[in-house]
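Visitor: Residue numbers (our numbering): 7 to 205. For each residue, glycine too, the CB sits at the ideal point set by N, CA and C.
Below is the structure:
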């Protein structure tokens, strides 16, 4: 990215999870690390401003299409291109010191939200928990078939976000604690409060 701002993009409607196919999933990808050489606030700011550096170029690419390059704000938009027919636009809905959230826009293969967060470890000192959490359904039945039944999109998505987690640890300069974790919950397995988020 170069310059102060990026090109304007026409307004696109959001795709809520409730508007998608009936296959709501909560997917979580997380990694924990200790003793980072890059302070957590600086790491999170770097992720916000250079998110494209954390995604594997051969699998996925982030391009900011709305918003200033030197800041991440509510209303900013990105085009995410994932290997295969999985391209889609997202818009920032929430930003704070520890996290930011995207909502998917019309035409995205998924309908819902995805949140990136960096929080202190529950037990260890100077340790951190980085997580990518999506709560979404497939846009329609065809996408659901390709993603769930054939498993094509699922594999690409998992590789993308696992690699993203690896790059966060590398950038932190810290020591990874255990393996990168991946968990998926179907709608019938979700707590009531999680289902309510998607309504």
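Would you tell me roughly how many angstroms separate the C-alpha atoms of residue 98 and residue 129, rounded to the nearest one?
Guide: Cα-Cα distance, rounded: 31 angstroms.
Visitor: Going straight from the alpha carbon of residue 180 to that of residue 75, what length do you get?
Guide: Between residue 180 and residue 75, the C-alpha separation is close to 27 angstroms.
Visitor: Do residue 132 and residue 40 have their CB atoms nearer than 9 angstroms?
Guide: Cβ atoms of residue 132 and residue 40: closer than 9 angstroms.
Visitor: With a threshold of 6 angstroms on Cβ separation, who are the neighbours of residue 44 within its own chain once the five nearest residues in sequence on each side are excluded?
Guide: Excluding residues within five positions, the ones whose Cβ falls inside 6 angstroms are 178, 179.
Visitor: Is it buried or exposed for residue 114, if we count other Cβ within 10 angstroms and need 16 for buried?
Guide: Answer is buried; the Cβ neighbour count reaches 16.
Visitor: Can you name the residues that DSSP bridges to residue 126?
Guide: Paired residues: 134.
Visitor: Buried or exposed: residue 56, going by 16 or more other Cβ atoms within 10 Å of its Cβ?
Guide: Result: exposed.
Visitor: When burial is assigned at 16 or more other CB atoms within 10 Å of the CB, is residue 126 buried or exposed?
Guide: Result: exposed.
Visitor: If residue 207 and residue 65 are in contact, beta carbons under 8 angstroms, what's the gap, nearest whole angstrom?
Guide: This structure cannot speak to residue 207, because the chain is shown only from 7 to 205.
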